[in-house]
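With our numbering applied, the sequence shown corresponds to residues 186 to 359, in that order. Below you'll find the structure, written out as structure tokens, and then a few comments.
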Amino acid sequence: MKLCIINCSFSSTSRTRVLAMRFLKILKKTHKNVDFVDLSKIQLPICDGNKCYENKNVKILTKKLSSAQGIVIASPIYNYDLNAAAKNLVELTGSAWKDKIIGFLCTAGGSKSYMSVMPFANSLMLDYRCHILPRFVYAEENAFRGNEVADEKIIERLEELAKSFVRVTKALSK
Ligand SMILES: Cc1cc2nc3c(=O)[nH]c(=O)nc-3n(C[C@H](O)[C@H](O)[C@H](O)COP(=O)(O)O)c2cc1C
Numbered sequence: 186m187k188l189c190i191i192n193c194s195f196s197s198t199s200r201t202r203v204l205a206m207r208f209l210k211i212l213k214k215t216h217k218n219v220d221f222v223d224l225s226k227i228q229l230p231i232c233d234g235n236k237c238y239e240n241k242n243v244k245i246l247t248k249k250l251s252s253a254q255g256i257v258i259a260s261p262i263y264n265y266d267l268n269a270a271a272k273n274l275v276e277l278t279g280s281a282w283k284d285k286i287i288g289f290l291c292t293a294g295g296s297k298s299y300m301s302v303m304p305f306a307n308s309l310m311l312d313y314r315c316h317i318l319p320r321f322v323y324a325e326e327n328a329f330r331g332n333e334v335a336d337e338k339i340i341e342r343l344e345e346l347a348k349s350f351v352r353v354t355k356a357l358s359k
């Protein structure tokens with residue numbers, strides 16, 4: 186069973202990347218076959234619904250996502266949604282998302298954007314029949330100290346998400 190974590194933040198001092206890396210570390214304790222994709226390290230075109238699908242990196246990424254049974258998306262909340270890079274990724278790789286188990290890790294500036302992942306989750310459910318893990322991690326600025334996740338509650342939630350990610354993906358990919 187192959188799992189994948191995608192960091193969608195492009196910031197050089199990204200808290201989203203810190204969160205995603207901590208999740209990777211936790212996940213790897215029980216599951217070794219995990220790909221880590223950092224979108225900030227890959228040159229991808231903006232989706233034009235046309236020529237973009239011929240791009241070499243789009244093809245490589247589509248293949249990589251297709252081969253995973255479960256994907257965790259780590260994204261900052263921008264304007265009450267995941268960021269544009271996350272949406273562009275789905276537009277570029279489309280059917281690679283079909284039937285995947287999906288989890289979410291989010292960072293945000295405040296507590297009020299808590300429900301912001303839902304439109305994105307809905308589109309994955311309706312367009313690609315994804316199974317959304319009904320538990321996500323939402324971390325605000327005060328959960329971090331430097332390059333570390335410092336909040337014990339957030340670490341607990343990362344551990345819970347890792348557990349259900351493996352359990353549900355295993356059960357549904359039989
Ligand atoms: C363009 C932009 C829009 C944002 N919109 C929201 C928002 O709607 N709700 C919120 O809680 N935080 C918002 N934030 C704050 C970010 O979610 C927060 O700073 C996050 O940690 C950034 O992720 P990063 O550390 O990976 O760059 C926004 C930040 C930016 C730059």
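Positions of the beta carbon are idealized from the N, C-alpha and C atoms, including for glycine.
Residue range of the beta strand (DSSP E) that residue i falls in?
i: Ser349; result: That residue, Ser349, is in no beta strand (DSSP E); its alpha helix (DSSP H) goes Glu337 to Leu357.
i: Ala328; result: Looking at the DSSP string, Ala328 is not in any beta strand (DSSP E), and its letter there is neither H nor E.
i: Ile191; result: Leu188 to Asn192
Whose CA, out of the options, lies closest to the CA of residue i?
i: Leu357; options: Gly234, Glu333, Glu344 and Ile287; result: Ile287
i: Asp312; options: Glu345, Met300, Glu341 and Glu276; result: Glu276
i: Ala328; options: Ala347, Glu341 and Leu274; result: Glu341
i: Ser310; options: Glu326, Pro230, Tyr323 and Ser280; result: Inspection of the sequence shows that residue 310 is occupied by Met rather than by Ser. It is Ser280.
i: Tyr265; options: Thr215, Thr198 and Pro304; result: Pro304
i: Ile190; options: Ser252, Asp336, Arg314 and Ser196; result: Ser252
i: Lys283; options: Tyr263, Lys248 and Ala335; result: Lys248
Just to check my reading of the structure: residue i and residue j have Cβ atoms closer than 8 Å, yes? What is that Cβ distance to the nearest angstrom?
i: Ile227; j: Asn242; result: 5 Å
i: Ala270; j: Leu224; result: 5 Å
i: Asn332; j: Val219; result: Not confirmed; about 20 Å, so no contact.
i: Asn192; j: Ala259; result: 5 Å
i: Arg207; j: Leu343; result: 6 Å
i: Phe350; j: Leu250; result: Phe350 to Leu250, Cβ: 16 Å. No contact.
i: Val257; j: His316; result: That belief does not hold up - the Cβ atoms of Val257 and His316 are roughly 13 Å apart, past 8 Å.
i: Lys236; j: Gly255; result: In fact, because the Cβ distance is near 30 Å, the residues do not count as touching under 8 Å.
i: Leu246; j: Thr278; result: 6 Å
i: Lys355; j: Met186; result: 6 Å
Taking residue i as part of the alpha helix (DSSP H), name the residues at either end of that continuous run.
i: Glu239; result: Neither: Glu239 is in no alpha helix (DSSP H) and is coded neither H nor E.
i: Leu224; result: Taken as a continuous stretch (DSSP letters only), Leu224 belongs to no alpha helix (DSSP H), as it is neither H nor E.
i: Ala259; result: Counting along the chain, Ala259 falls outside any alpha helix (DSSP H), though it belongs to the beta strand (DSSP E) covering Gly255 to Tyr263.
i: Ile231; result: Note, Ile231: premise wrong, no alpha helix (DSSP H); not H, not E.
i: Lys213; result: Arg200 to Thr215
Could you pull out every residue in the same chain whose Cβ sits closer than 8 Å to the Cβ of residue i, ignoring the five residues on either side in sequence?
i: Lys297; result: none
i: Arg147; result: Residue 147 falls outside the range modelled here, since the chain spans only 186 to 359, and no answer is possible.
i: Gly295; result: Glu325
i: Val334; result: Val203, Leu204, Arg207, Ala324, Ala328, Ile340 and Leu343
Skipping 5 residues on each side, what residues in its chain have a beta carbon closer than 7 Å to that of residue i?
i: Val302; result: Leu267, Phe289, Cys291 and Phe321
i: Ile211; result: Leu343, Glu344 and Ala347
i: Tyr323; result: Cys291, Ala293 and Tyr299
i: Ile231; result: Asn273
Looking only at its own chain, which residues have a Cβ that is under 6 Å from the Cβ of residue i, when we skip the five neighbours before and after it?
i: Val222; result: Ile191
i: Pro261; result: Ser194, Thr201, Asn268 and Thr292
Give the list of continuous alpha helix (DSSP H) stretches no shorter than 4 residues that lie fully inside the segment 271-324. With a minimum length of 4 residues, the unbroken runs of alpha helix (DSSP H) contained wholly in the segment 271-324 fall at 303-313.
Residue list, Cβ distance to ligand 2 heavy atoms smaller than 6 Å: Absent from the structure shown: ligand 2. Ligands present: ligand 1.
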